[in-house]
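Under the working numbering, the first residue of the sequence shown is numbered 47, with each subsequent residue one higher.
Encoded as structure tokens, the structure appears first; notes follow it.
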Amino acid sequence: MTFWILVLLLIALAIALVLWPLIVGGTGPERLEQAVAFYEARKNELVRQHENGDITEDEMNAALAEQARALLALSRNEKTRGAGEAAHSVRRRKMATLLMLLGIPALSTAIYLRIGAPNLPDVPLASRQTAPQNFDVATALQKIEAHLAKNPDDVRGYEVVAPVYLKAGRFSDAANAYRRVVILSGETPERLSDLAESLVAMGNGVISAEARQAFERAVKLDPDFAKPRFYLALAREQDGDVAGALADLRKIASDLPEGPARMRVNAEIERFEAEGKTAPAVPRGNAAEAIAGLPQQEREDAIKGMVDALDTRLTAGGGTIEEWRRLIQSRLVMNQRELARAALDKARTAFVGNAAALVELDAMAELMRTLPEAKTP
Numbered sequence: 047m048t049f050w051i052l053v054l055l056l057i058a059l060a061i062a063l064v065l066w067p068l069i070v071g072g073t074g075p076e077r078l079e080q081a082v083a084f085y086e087a088r089k090n091e092l093v094r095q096h097e098n099g100d101i102t103e104d105e106m107n108a109a110l111a112e113q114a115r116a117l118l119a120l121s122r123n124e125k126t127r128g129a130g131e132a133a134h135s136v137r138r139r140k141m142a143t144l145l146m147l148l149g150i151p152a153l154s155t156a157i158y159l160r161i162g163a164p165n166l167p168d169v170p171l172a173s174r175q176t177a178p179q180n181f182d183v184a185t186a187l188q189k190i191e192a193h194l195a196k197n198p199d200d201v202r203g204y205e206v207v208a209p210v211y212l213k214a215g216r217f218s219d220a221a222n223a224y225r226r227v228v229i230l231s232g233e234t235p236e237r238l239s240d241l242a243e244s245l246v247a248m249g250n251g252v253i254s255a256e257a258r259q260a261f262e263r264a265v266k267l268d269p270d271f272a273k274p275r276f277y278l279a280l281a282r283e284q285d286g287d288v289a290g291a292l293a294d295l296r297k298i299a300s301d302l303p304e305g306p307a308r309m310r311v312n313a314e315i316e317r318f319e320a321e322g323k324t325a326p327a328v329p330r331g332n333a334a335e336a337i338a339g340l341p342q343q344e345r346e347d348a349i350k351g352m353v354d355a356l357d358t359r360l361t362a363g364g365g366t367i368e369e370w371r372r373l374i375q376s377r378l379v380m381n382q383r384e385l386a387r388a389a390l391d392k393a394r395t396a397f398v399g400n401a402a403a404l405v406e407l408d409a410m411a412e413l414m415r416t417l418p419e420a421k422t423p
């Protein structure tokens, strides 16, 4: 009952708003007075625009002259209006009033009964407010994967899932998704760099030949693009050219503006300097390629040794957020969930007070909670 009372009140309000100008009408002097007020407001606006430099003085004067001509024309028209027109106007307003009184309630009621649902209960406010919190990343990811299985050429789908795979530690899936993006949409510096970065993550920090080639193609397309240059500098360190790698990193840092990207490069430079520019983060040169060519079990053992060494170094001496992220992701991709959680806890302790790092760690924790078990490489 309350609902229909509100409906009737709203209809009455709508009728009043529509009929008020018709009932009151407007005499000639009133119309002229309104036109003068509009002219004054428009003049003030034009003067303000001229003072702000939005329009020139000639443009302002031309607009003012046009407004003045319109006002003069209205004034002349009002003086020539007769009593016959006034009487006709009254009759016309009465007819319009009658039509509105009958038409608005009938039309609005008919439309609501046609498309509305007055008998349905309202959705509780609490459920509407909490619905977004029930979003399940794993379920959404499964739906996108099912969609891609039926629509393998949907590049947008691969663009969506690839970074999710990467953050979840599903590096092989991320690389495959980025490959599809490159195949379907063509090579750009960004796409090639994303593909190569996922390959580096899949190799636990080892920059493989495929990753290096992708980074090199990205730099060829855009010589100033920082991301592939950064990884190619690390590739020089991997090859044993530590001095060349450090020189490249310093050049990249000097080219970048202040921001997260420059901070990341500077963190690597500080690592080089702290380690005396001799301690490699990953196997170098032939050693890296040798690991890639080992039988599966031996390769897994070698990678596990690298990850354990990284864990030991970070636990003892700390490191950058990128290194901690790489450690956590490595534990995930090896299905070492407990060790990944332990690394996450240690990283949070190491970055107490660093809001940006803690936000990234919280995001990784959420993905660990919602996504399926990581696949073994």
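Using N, Cα and C, we set each Cβ at its ideal position, and we do this for glycine too.
- By alpha-carbon distance to E319, the top candidate from A307, P341 and A293 is A293.
- Distance from the CA of Q375 to the CA of G363, rounded to the nearest whole angstrom, comes to 19 Å.
- Rounded to whole angstroms, the separation of the alpha carbons of A220 and P209 is 7 Å.
- The C-beta distance from M380 to V353 rounds to 7 Å, short enough to meet the 8 Å contact threshold.
- With a beta-carbon spacing of about 19 Å, S231 and V265 fall beyond the 8 Å limit used to define contacts.
- For I367, the enclosing alpha helix (DSSP H) begins and ends at I367 to V379.
- By the Cβ neighbour-count rule, V207 is buried, with 16 or more other Cβ atoms within 10 Å of its own.
- In this structure the region 407-416 lies against the region 385-395, because at least three pairs of beta carbons, one per stretch, are closer than 8 Å.
- A residue is called buried when at least 16 other Cβ atoms come within 10 angstroms of its Cβ; P274 meets this threshold and is buried.
- It is roughly 37 Å from the alpha-carbon of R308 to the alpha-carbon of E344.
- Its chain contains N250 as the residues whose beta carbon lies nearer than 6 Å to that of I349, once the 5 sequence neighbours on both sides are disregarded; these appear in chain order.
- Going by DSSP, G364 is part of no alpha helix (DSSP H) at all; its letter is neither H nor E.
- From the listed residues L278, S300, E243 and L110, the smallest Cα separation to L212 is found for E243.
- Between the alpha carbons of T185 and V93 lies a distance of about 59 Å.
- By the C-beta density criterion, P198 is exposed, having fewer than 16 other C-beta atoms within 10 angstroms.
- Using a Cβ distance threshold of 8 Å, L295 and E314 count as a contacting pair.
- A straight line joining the alpha-carbon of G286 with that of A260 spans about 21 Å.
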